[in-house]
Amino acid sequence: MNHILKKRAVILFWALSLIFAGLLGHLAYIQIIAGPQLSRQALSQQSQAVALEIPPRGLILDRNLKNLTPFREVWRIIIFPAAVTDRQRTVRVLSLVLRLDPEKVNTYLGGNARIVPMDLDSGQIMEMKKNSLPGVILSRINLRERKPPQGAHILGYVGIGSSLNDWEGKMGLESFYDKELRGQEPRSAVRIFLDARGQVIRGLGYRYEDSSSDAARKNVVTTIDSDIQGIVEKVMAGSGVREGAVVVMDIENSDILAMASTPGFYLQEAPETPLNQEDGTGETIQSGEAIQRLESYLNNSLAFRYPGSVFKVIVAAAALEEGITSPDNVYLCIGEKDDLVRCYEKDGHGLLTFSQALAYSCNPVFARIGMELGAQKLISYATRFGIDNGSIIGYHSTNRKEQLERIGEKYNLVNASLGQWPVKANVVQVTAMMAAVANDGLYTQPRLVSKILNDDGTVSRTLKNGRSVRAVSSDTAAIIRTMLEMTTMYGTGRQAMVEPWGSAGKTGSAQTGAGKTDAWFSGYVPLSKPRYAITVLVTGGESGGGTAAPVFREIAEGIMEMER
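For the sequence shown, the working numbering begins at 14 and goes up steadily by one.
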């Protein structure tokens, strides 16, 4: 009997111990893990708050940690309807100060706390300071900058998400890194406290809250150099490039230092919503500048287009690497009478070397070289130079292998050898190709984002540079560089010559249909120990040499002057 009782006591002891341990564990969870969240929920149920940072979100930074997503500080009126004691006077004063219809002002006085979506001028600020209105305060608000910052197409913009209280990235890095950038708490907010009936607790006043760190939000560090980005955008605006793109790349590691696209667009100002927007009044939230035409949101740096004669760089590299030709091999160009493909020179170039054929961009010579090379080898070398892969480290991935395979279809090889259908590439790919030539024949995948930082500045994640792979031999790359120097010295790229540093590159004039031309120039600078690969695309231009080359020159001069 005693044995049975003893056994039951042991079982009871362990059962109670387990229950007690479970209770302790649950209490520890509530206190340590769930405590902060439960505290926030309780606080939100007993108060109304308005964020003074809109939106609460991490930053996108350049390679030197300069902020690419600036905010502007403005004065706004914040209304806490639950604290308004004299509705008629409040409507009358606000109508006069804001120059709004009383009916409009009246809509702001219902439901939860909100910001009136109007910037105040100095006169309005003075008037508000003269009039004390219970439930109405004047405050500085940090808003996302309205004017286009540098690299608008890289950054993208933030818009209303799944609810009025939600902001999400709609485009660019804001969209791609939306999960990392989203903040949980604003840097600052103003709050009033309510009793169980939802009435304001008198005497507590307004409480301003500041947060030095938000563990939820992260900052994205790009490879962009804001100084170089500024040079590129200034030159594009000054040269009258209405539609096109420019990419500048570090030759050593293929980091993207600048990426600009025109036409530009205004970043949408983030919706101005209080932390607790649950009144269902249907209030229209101001979203900033009217969206310009849809085409302006296209990032022309990433759009796939016919590269035209810029692609002859790959054809030339493949032919030299395979021993099909040599720089001094002589060819005959008879101009328009050529039975394979006509030359742009009516009477032809006559006798010219292979080096001269690239410098003058002679179509008949490259059509024949392409035919001799064959589709599969051309596809292979285009792949080595990254034309099959539109992927960017830290950004979108695109596979174009299927498109390249069409070079092998009937009648496509000649066109492909001239950079026309079915060959397509974007400005980033072409720049990486040129960087490979300048970097001794080593191709490296482009990179746009280098790391993700926690809000306290520590590194959350690092995105390493891609592995360099050999596209062509060092000897072949050296020969191509010499041929590209000839292009800027006396060939089609003369207007891309950058004195006194020297430059090299290749023009391209791609036919896009309906008599339109995409003008290209892709090259590098300086000649001695090249550091920058630069590609310019002007859609609807006259020619690569006449339209894109001068833009290249001005950008390259600006970058080299900056280094002095």
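For each residue, glycine too, the CB sits at the ideal point set by N, CA and C.
All figures in this text were calculated on a predicted structure; none of them were measured in a lab.
Residue i, buried or exposed, once every other Cβ within 10 Å from all chains shown has been counted against 16
i           : result
residue 403 : buried
residue 24  : exposed
residue 263 : buried
residue 205 : buried
residue 565 : buried
residue 303 : Below a pLDDT of 50, predicted positions are generally treated as unreliable, and residue 303, at 41, falls in that range; no measurement from the model is reported.
residue 527 : exposed
residue 135 : exposed
residue 579 : With the chain represented from 14 up to 577, any question about residue 579 goes unanswered, as that position is not in the structure.
residue 83  : exposed
residue 513 : exposed
residue 29  : exposed
residue 7   : One cannot answer for residue 7 here, as it falls past the ends of the chain, which runs 14 to 577.
residue 495 : exposed
residue 287 : Any reading at residue 287 needs caution, since the residue's pLDDT is 38, under 50, leaving its predicted position unreliable; the model's value is listed next. Buried, because 16 or more other Cβ atoms sit within 10 Å of the Cβ of residue 287.
residue 139 : exposed
residue 31  : exposed
residue 395 : buried
residue 409 : exposed
residue 47  : For residue 47, the predicted structure reports a pLDDT of 48, less than 50, and the residue's modelled location is therefore unreliable. A value from the coordinates is still provided. Residue 47 is exposed by the Cβ-count criterion.
Supposed contact pair residue j and residue i - C-beta distance, whole angstroms, cut 8 Å
i           : j           : result
residue 156 : residue 63  : Not a contact, Cβ separation roughly 13 Å.
residue 229 : residue 196 : 6 Å
residue 180 : residue 70  : 7 Å
residue 240 : residue 510 : With 8 Å as the limit, residue 240 and residue 510 do not qualify as a contact, their Cβ atoms being about 23 Å apart.
residue 236 : residue 268 : 4 Å
residue 444 : residue 535 : 6 Å
residue 398 : residue 319 : Going by Cβ atoms, the distance from residue 398 to residue 319 rounds to 16 Å, so no, they are not a contact pair.
residue 386 : residue 400 : Contact doesn't hold; Cβ gap of about 15 Å is too wide.
residue 454 : residue 489 : 6 Å
First through last residue of the alpha helix (DSSP H) which encompasses residue i
i           : result
residue 394 : 388-397
residue 552 : Where residue 552 is concerned, there is no enclosing alpha helix (DSSP H), although the beta strand (DSSP E) it sits in stretches over 545-552.
residue 117 : 115-120
residue 501 : 487-502
residue 333 : 325-334
residue 167 : 165-168
residue 574 : 562-576
residue 366 : Segment 363-366 is the beta strand (DSSP E) holding residue 366; no alpha helix (DSSP H) there.
residue 171 : Careful: residue 171 lies outside any alpha helix (DSSP H), inside the beta strand (DSSP E) at 171-173.
residue 416 : 414-418
Whether residue i touches residue j by CB criterion (8 Å)
i           : j           : result
residue 459 : residue 508 : no
residue 231 : residue 467 : yes
residue 203 : residue 96  : no
residue 257 : residue 309 : no
residue 123 : residue 94  : yes
residue 392 : residue 420 : yes
residue 163 : residue 109 : no
residue 450 : residue 538 : no
residue 329 : residue 353 : no
residue 112 : residue 121 : no
residue 233 : residue 194 : yes
residue 439 : residue 339 : no
residue 150 : residue 67  : no
residue 200 : residue 132 : no
residue 254 : residue 441 : no
residue 491 : residue 533 : no
residue 545 : residue 261 : yes
residue 227 : residue 198 : yes
residue 382 : residue 322 : no
residue 259 : residue 250 : no
residue 174 : residue 187 : no
Boundaries of the beta strand (DSSP E) in which residue i is found, first to last residue
i           : result
residue 525 : 517-526
residue 529 : 529-538
residue 473 : 472-475
residue 155 : 149-157
residue 206 : 201-206
Min CB distance residue i to chain D below 8 Å
i           : result
residue 205 : Absence of chain D from the displayed structure is noted, only one protein chain being present.
The ligand FAD heavy atom lying under 7 Å from the CB of residue i
i           : result
residue 490 : This structure does not include the ligand FAD; it has no bound ligands of any sort.
At which residue ranges does the region 230-270 contain complete alpha helix (DSSP H) runs of 4 or more residues, listed in the order of the chain?
Runs found: 239-251.
In chain order, what are the residue ranges of uninterrupted alpha helix (DSSP H) at least 4 long that sit wholly in the region 68-134?
100-111, 115-120
Runs of beta strand (DSSP E) wholly within the region 441-469 (minimum 3 residues, chain order):
Runs of the beta strand (DSSP E) lying entirely within the region 441-469 and spanning at least 3 residues, in chain order: 462-467.
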